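Visitor:
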Amino acid sequence: MPTAEQIAHYYEGLCTTVDSINAGKTAEMGDREWEIHSTTNITWLKTIVNADFWTDEDMTAVHLIID
Amino acid sequence: MAGDIYFNGSKLTGQHDVKLNGTNMDNVYLNGTKIWTRHPYAIGTDIFTYSVGAGGNTDSFISSIHATYPLAFASTPVYIEGSGGALDKRIRFVLADGFYVSRYAQDEGGTDSDGVGASNTGGNYIIYVGGTVSGLSRESGGGSLSVAGSGNGGHSFKVTYSGQ
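Chain order of the listed sequences is D and X. The first sequence: position 37 = 37 (this note's numbering), numbered continuously. Counting the second sequence from 1 gives a position; this note's numbering is that position plus 1000.
Below is the structure:
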């Protein structure tokens, strides 16, 4: 089981991923690159949101993407 | 390993050799059931670390990593999209039982090194490298990686042998 510090670290990474998806395709990104990037990370969000190590983290932004 | 073999009261581990007529055995069966397997590496051995930057060439994973550590793979890694020189490419690889991703670090997403994957060896993985992003994702076994499969910049991961 991850430590509290690790959980905070993973949550930060999760929020970074949410921000990346919400920001949309950047000018440097090709269409195919964005398609794979967003699809891969949405799939990951659907899984990681159900991880058993979360405590009281706010997952509202995640659910707005995956639900 | 489905069972243990004792010799003079000491359990034979996978690091011992079991010989039959002077030849080392890889597996020992009793009544059709595998009861002992020789470990290819010491348990806990870090097998390899692979790193690639966004836009980087991934040919070396197949030509070098797989060729050097074939026992870590259940099959030959293959491109499922693009190739080494393409802007977007994805490699699928399958780890052999007993091998797991013990560390995954993505420049933007952070580092997963909690060893969650240790209880879930083998499995299908995808290496993705685009022009500006890259990452590693696990196709089977779900959330064994606690860091997203694609993010800005490069990424690296380490494969370790657990013997499980």
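Positions of the beta carbon are idealized from the N, C-alpha and C atoms, including for glycine. Predicted model, so just to flag it, every value in this text is computed and none were measured.
#1: What are the uninterrupted segments assigned as beta strand (DSSP E) that are 3 or more residues long and contained completely in the segment 1100-1144 of chain X, given in chain order?
#2: Taking the beta strand (DSSP E) that X/H1155 belongs to, which residues open and close that run?
#3: X/Y1128 CB to nearest chain D CB: under 8 Å?
#4: If you draw a straight line from the C-alpha of D/K46 to the C-alpha of X/R1138, how long is it?
#5: Taking only the alpha-carbon atoms, compute the straight-line gap between D/H9 and X/L1145 and give it to the nearest angstrom.
#6: Is it buried or exposed for X/L1030, if we count other Cβ within 10 angstroms and need 16 for buried?
#7: Check whether the Cβ of X/G1123 lies closer than 8 Å to any Cβ atom in chain D.
#8: Spell out whether any CB of chain D is found under 8 Å from the CB atom of X/G1153.
#9: Give the residues from the segment 1046-1066 of chain X that approach chain D closer than 9 Å (Cβ to any Cβ), ordered along the chain.
#10: So that I know if they touch, is there some Cβ in chain D lying closer than 8 Å to that of X/D1107?
#11: Take the Cβ of X/L1020 as the centre, count every other Cβ of all protein chains shown within 10 Å, and call the residue buried at 16 or more, exposed below.
#12: Figure out for me which residue from D/H37, D/T55, D/C15 has the closest Cα to the Cα of D/A4.
#13: In chain order, what residues of the same chain lie with their CB nearer than 6 Å to the CB of X/T1111, ignoring the 5 residues before and after it?
#14: At the 8 Å Cβ level, is X/G1131 part of the contact set with chain D, yes or no?
#15: Assign X/R1038 to one of three DSSP states: helix, strand, or coil.
#16: For X/S1134, count neighbouring Cβ atoms within 10 angstroms of its own Cβ and tell me buried if that reaches 16, exposed if not.
#17: Within 8 Å, do at least three Cβ pairs link the segment 1091-1102 of chain X to the segment 1124-1133 of chain X?
#18: Any idea what DSSP makes of X/E1081, helix, strand or coil?
#19: State the CB to CB distance for the pair X/Y1079 and X/F1157, rounded to an integer number of angstroms; the pair is presumed to be in contact (CB under 8 Å).
#20: Can the beta-carbon of X/G1084 be found less than 8 Å from the beta-carbon of X/G1154?
#21: Considering only C-alpha positions, which residue in the set X/D1059, X/N1057, X/P1077, X/I1043 is nearest to X/S1102?
Guide: By the coordinates alone:
#1: 1110-1112, 1123-1129, 1133-1138
#2: 1155-1161
#3: yes
#4: 13 Å
#5: 13 Å
#6: exposed
#7: no
#8: no
#9: none
#10: no
#11: exposed
#12: D/T55
#13: A1105
#14: yes
#15: coil
#16: buried
#17: yes
#18: strand
#19: With 8 Å as the limit, X/Y1079 and X/F1157 do not qualify as a contact, their Cβ atoms being about 18 Å apart.
#20: no
#21: X/I1043
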